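Structure, as structure tokens:
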Amino acid sequence: MSPVPPLRPCPLCGSNEVAPSWTYERYSILRCRTCDVEFSVPFEAGSLDYYIEQYADDYAVPRAYEDIDLGYRFTIQKIAEAAARLRPDQRRVLDVGCGRGYLLVDLQRRGFECLGIDFHERLVRFAVEQYGVPARVERLENLLALGESYDLVILSHVLEHVDDPAGLLRNVFAVLNPGGLLVVELPNRNWFSLGYSLRRGNMGWNYYPPDHITFWSLQALRAALQGARFDVLECVARPFDDLDRVGVFVRTRLRLSSGPLFHASIWTLKALGRLFGLEGNTLNALARKADTQAGTE
Ligand SMILES: [Zn+2]
């Protein structure tokens, strides 16, 4: 008989309506019945030392922007769509947790006034030296204290790492100008991927605590944004069949590489996926801070 895991209130909405969902090594993962986020107990974010050690290889090989992982393309596309909504006088962009700075390269080249911040000094240096993206080790709280403000904030694969996701969203709201936009992206715990499962523990180690300590659904992401007073303009899962995942499955598992059966298999799997509403590996949301504060609580 396994011991009953300790319960704690939801770190996102504060609800006590939480229940055990799954486990990973020494962690219990609880689900909030109010906002639908899942979170680990103990609820402890990885330290800077942990990230410096675990991600040591990440900046070892300089890469041209054009060679970056295809997995970033969806995010870059979503950021470009957000930027296209900005007025000509809305030029200031902040990437919170910018890492190697990939997500700012396109906007920087197009003349936006960009800043990337991160707590990892070597990643920030990589962004500056490799891509010419303005980036520095900085805290969002410090930018707020300095009275800085932005028109577009990017929060990509950050919320699931931090031990105060609601506080981070409140600070992002505060640092945005009225009418400003937020693009959020994070892993989708309802990702349907043949052969992979978060709950079975067979995803990469960096999908689990202490890297990821919250696990998100569309419902949870929407609730978190609304809880921080954002208007949610879009909240979507990446298409389940992007990056040719269906094609890879057909080639490797069904051992088909061409011919009518190959094409029929791909067509059938994609149609079934759409029929059953399967979701891709990440969630992406576009949210706005209302133009005027009058009338809001
Ligand atoms: Zn909750």
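Our numbering puts the first residue of the sequence shown at 7, with every later residue one more than the last. Note that CB positions come from ideal geometry on N, CA and C, so glycine has one too. This one's a predicted model, so the numbers in the text were calculated from it and none came from an experiment.
Inset, instruction - Using the beta-carbon of each residue, find all residues closer than 6 Å to any heavy atom of ligand 1 and list them in chain order. - result: C16, L18, C19, S21, C38, T40, C41, V43
Legend entry - CA-to-CA distance, R93 to A25, given in whole angstroms: 45 Å
Legend entry - Under 8 Å between C-beta atoms of A291 and L187: no
Inset, instruction - Report the residue ranges of all alpha helix (DSSP H) runs contained in full by the region 71–154; include only those spanning at least 4 residues, in chain order. - result: 79–91, 108–115, 127–137, 146–151
Legend entry - Identity of the residues DSSP links to T29 by a beta bridge: S34
Inset, instruction - Note down, in chain order, each residue of its chain lying with its Cβ closer than 7 Å to the Cβ of E285, except the 5 sequence neighbours on either side. - result: N194, N196, W197, F198, A243, F246
Legend entry - Close Cβ partners of A133 (< 7 Å) along its chain, the five nearest in sequence each way excluded: C104, R106, G107, G122, V139, A141
Inset, instruction - Go ahead and pull the three-state DSSP assignment for V164. - result: coil
Inset, instruction - Could you spell out the range, first to last residue, of the beta strand (DSSP E) harbouring R176? - result: From DSSP, R176 is part of no beta strand (DSSP E) but of the alpha helix (DSSP H) over 171–181.
Inset, instruction - Using alpha carbons as the reference points, say which of D124, F125, E127, R98 lies closest to L3. - result: Any answer about residue 3 is impossible in this case: the structure gives the chain only from 7 up to 303.
Inset, instruction - Return the residue from the list L174, S203, P184, L239 that minimises the CA-CA distance to E147. - result: L174
Inset, instruction - State the Cα-Cα distance for the pair L278 and A270, rounded to the nearest angstrom. - result: 12 Å
Inset, instruction - Compute the minimum distance between the beta carbon of I74 and the heavy atoms of ligand 2, and state whether it is under 7 Å. - result: For ligand 2, the structure offers nothing, since it holds only ligand 1.
Inset, instruction - Go ahead and label V254 buried or exposed: buried means 16 or more other beta carbons lie within 10 angstroms of its beta carbon, across all protein chains shown. - result: exposed
Inset, instruction - Could you check how far apart the C-beta atoms of A172 and A234 are, in whole angstroms? I think they sit under 8 Å. - result: 7 Å
Inset, instruction - Return the CA-CA distance between R116 and T40, expressed in angstroms with no decimal places. - result: 42 Å
Inset, instruction - Thinking Y156 and V181 are a contact (beta carbons under 8 Å), I'd like their distance in whole angstroms, please. - result: 6 Å
Inset, instruction - Report back the beta-carbon spacing between I219 and F49 to the nearest angstrom; my notes put them in contact at under 8 Å. - result: 6 Å
Inset, instruction - List the endpoints of the continuous beta strand (DSSP E) containing D42. - result: Premise fails: D42 is in no beta strand (DSSP E) and is neither H nor E.
Legend entry - Meets three-Cβ-pair contact criterion under 8 Å: the region 224–239 and the region 52–61: no
Inset, instruction - Determine the burial state of E191: buried for a count of at least 16 other Cβ atoms within 10 Å of its Cβ, exposed for fewer. - result: buried
Legend entry - Cβ-based burial, L260 [other Cβ within 10 Å; buried from 16]: exposed
Legend entry - CB contact flag (D237, A293, <8 Å): yes
Legend entry - For Y61, the three-state DSSP class (helix, strand or coil): coil
Legend entry - Euclidean distance between Cα positions of P216 and D248: 28 Å
Legend entry - DSSP bridge partner residues for Y156 (one or two, in chain order): L182
Legend entry - Status (buried if at least 16 other CB within 10 Å, exposed otherwise) for V166: With the sequence shown as reference, residue 166 is identified as Glu, and Val is not the correct amino acid for it. Burial call: buried.
Inset, instruction - Evaluate S264 with the Cβ neighbour count: other Cβ atoms within 10 Å of its Cβ, from every protein chain shown; 16 or more gives buried, anything less gives exposed. - result: exposed
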